[in-house]
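Note that my numbering has the sequence shown beginning at 200, numbered continuously upward.
Data block below; observations after.
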Amino acid sequence: MMNILNHNEALLAQHTRRLDFLKSEVNLPAGILQKLKDFQIAIPSWALGTGGTRFGRFSGGGEPRNLEEKIADVGLLHQLNQSSGAISLHIPWDIPTDPAAVRTLAAQHGLAFDAVNSNTFQDQADQAHSYKFGSLQHVSAATRKQAIDHNIEVIKHGVELGSKALTVWLSDGSCFPGQLNFRKAYERTVDSLREIYAALPADWSLYLEYKAYEPNFYSTTVGDWGASYSMVNKLGPQAKTLVDLGHHLPNANIEQIVSILLMEGKLGGFHFNDSKYGDDDLTAGSIKPYQLFLIFNELVDGMDAKGMNHAKDLGWMIDASHNVKDPLEDLLQSVEAIQIAYAQALLVDRKALEEAREANDVVRCQEILQAVFRTDVRALVAQARLELGGALDPIALFRQENMREKLIKARGAKTVATGL
Ligand code: RM4
Ligand code: MN
Ligand code: MN
């Protein structure tokens, strides 16, 4: 057990000073703390170990060796920040062999199961057909069927865990011009997705994630939000687009994409991370915090316009990989960055912004947004954590308690977690 109370007591005077200052500077809208407290961000089961590139992997030790230890890691994060109350599983990297026990264990840590993810981008040892040339788009019906069946299997696992969504990310595409008939690949993918969609329980969603390139380097069949959007529209109301922040070509205006998808009722969920060049899977907010804020600005605006519940009506997940940081510290940083962007978006004076827009007062529009972005809301986010029983400074406490050393001692220095 970590000593959260002592930790908080030692920091309380400083925290109160910071919060009082913030309150003296800005008008906190009613209910903002409750919204922050309700907002939970799911942790990916595949990001609890050290990531790597094709050049190497440098483990920090103490990585979770199985699903139970992964749940324990997410439980630890949640204990520290009270905002990571869900886990998203990737199958077959994590197969819940005893779902009832896994569910009970998660509940003991206060965790729910967010979207389950299928994997048809790697070949498994026991599978009959290879995904080398795609899965749901494959020229062979037998390969497509195998991939469809896998997705249906993943839904079944999710049902047993109380999950409510399936995330489909396909690496399908081509590496060279001429390799693929784009139209056939598109149609085969939609036909395959239709079969998966037909197996969805009535209260489930299917999130179709897009990605511009990698591992295919010439074309990706679900390569951008246009492809995903047109496909989910064909599938039906339970199918929506998932936005992974690292899956766009450089300089894409992600906030505008988010705004349109939301307006069209086709935004399903998020994979948060940050990137400089491509699918870098870096800590959320580490490279482009202003972009993250602008995305949340559109989210809050668009969700409020539709009367949506911020915490529940979209899937909030992190998708990250940690090459040089402690994965747990990295995830704590990501969650905090997301909360900061959300808190700032809640502070935007929407009435004033709309008036400035209608008056074509471009300068005022920028002033309104940037004044909020430059406001230090960390004390507000910390207050939400404090009221929920979390730590005022989660990373500091993680270090004070020597959590990584303890994990290495319990699990070993050379453990390798499944995942990326
Ligand atoms: C992909 C994509 C998917 C994730 C895999 C591991 O690039 O982001 O969401 O499941 O990586
Ligand atoms: Mn992703
Ligand atoms: Mn990715």
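Ideal placement from N, C-alpha and C gives every residue a C-beta, glycine not left out.
In this text, all values refer to a predicted model and were calculated from it rather than measured experimentally.
| Query | Result |
| --- | --- |
| Evaluate L211 with the Cβ neighbour count: other Cβ atoms within 10 Å of its Cβ, from every protein chain shown; 16 or more gives buried, anything less gives exposed. | exposed |
| Can you tell me the Cβ-Cβ gap for C277 and A581, rounded? I've got them flagged as a contact below 8 Å. | Looking at the sequence provided, one finds His at residue 277 rather than Cys. So it is not a contact: roughly 16 Å between Cβ atoms. |
| Suppose the cutoff is 7 Å on Cβ atoms and the five residues either side in sequence are ignored; what does the same chain contact list for E413 look like? | G477, D478 |
| If you drop the 5 nearest sequence neighbours on each side, which residues of the same chain put their C-beta closer than 6 Å to that of S287? | A241, P243, D313, A314, M516 |
| Assuming contact is defined by CB atoms lying nearer than 9 Å, are L466 and K439 in contact in what I supplied? | yes |
| Measuring straight from C-alpha to C-alpha, what distance separates L235 and Q538? | 7 Å |
| Contact between the segment 218-232 and the segment 527-538 is defined here as three or more beta-carbon pairs at a separation below 8 Å; is this criterion met? | no |
| What first and last residue would you give for the beta strand (DSSP E) that runs through F469? | 466-471 |
| Please report the straight-line C-alpha distance between E386 and L392, rounded to a whole angstrom. | 10 Å |
| For ligand 1, is there any heavy atom lying closer than 8 Å to the beta carbon of F320? | yes |
| Return the first residue and the last residue of the alpha helix (DSSP H) that N496 is part of. | 488-504 |
| Evaluate D518 with the Cβ neighbour count: other Cβ atoms within 10 Å of its Cβ, from every protein chain shown; 16 or more gives buried, anything less gives exposed. | buried |
| Count the C-beta pairs between the segment 322-341 and the segment 542-555 that are closer than 8 Å, then say yes if the count reaches three, no if not. | no |
| Looking at ligand 1, does it come within less than 8 Å of G467, judged from the CB to the closest heavy atom? | no |
| Beta-carbon within less than 6 Å of A305's beta-carbon, same chain only, minus the 5 sequence neighbours each way: which residues are those? | I270 |
| Taking only three categories from DSSP, how would you classify A209? | helix |
| Ignoring anything shorter than 4 residues or poking outside the segment 527-587, list the alpha helix (DSSP H) runs there in chain order. | 549-557, 561-572, 577-587 |
| How many angstroms separate the CA atom of D237 from the CA atom of V561? | 34 Å |
| For the beta strand (DSSP E) containing G632, name the first residue and the last one. | Nothing about residue 632 can be read from this structure; the chain reaches only from 200 to 619. |
| For a quick check, are the C-beta atoms of G611 and G260 less than 9 Å apart? | yes |
| Just jot down, in chain order, the residues whose CB lies closer than 5 Å to any heavy atom of ligand 2. | D443, H470, D518 |
| Where DSSP assigns a beta bridge to G372, which residues make up the other side? | T419 |
| Can you list, in chain order, the residues of its chain with a C-beta nearer than 8 Å to that of I347? Leave out the 5 residues immediately preceding and following it. | L335, S391, E394, I395 |
| Note down the Cα distance separating N280 from Q455, rounded to an integer number of angstroms. | 30 Å |
| Kindly indicate the opening and closing residues of the alpha helix (DSSP H) around I351. | 340-360 |
| Are the C-beta of V561 and some C-beta of chain D separated by less than 9 Å? | Included in the structure is just one protein chain, with no chain D present. |
| If contacts are defined as beta-carbon pairs under 8 Å, then G248 and A616 qualify, I think. What distance do you get, rounded to the angstrom? | 3 Å |
| Between which residues of its own chain and F495 is the CB-CB distance below 6 Å, once the five residues before and five after are set aside? | A540, Y541, A544 |
| Report the rounded CA-to-CA distance for A375 versus G501, giving the unit in angstroms. | Checking the sequence, you will find Phe at residue 375 rather than Ala. Going from the Cα of F375 to the Cα of G501 covers about 39 Å. |
| Mark P449 as exposed unless 16 or more other C-beta atoms lie within 10 angstroms of its C-beta, in which case mark it buried. | exposed |
| Using three-state DSSP, classify T614 as helix, strand or coil. | coil |
| Kindly give me the distance between the Cβ atoms of F381 and S427, rounded to whole angstroms, as I take these residues to be in contact under 8 Å. | About 15 Å; that fails the 8 Å criterion. |
| Alpha carbons only, please: which of D423, S362, Q233 is nearest the one belonging to W368? | D423 |
| Distance check for M507 and S485, CA to CA, integer angstroms please. | 28 Å |
| Any idea what DSSP makes of Y406, helix, strand or coil? | strand |
| Considering only residues of the same chain and omitting the five flanking positions on each side of A411, which have a CB-CB separation below 7 Å? | T419, G422, D423, H446, H447, L448 |
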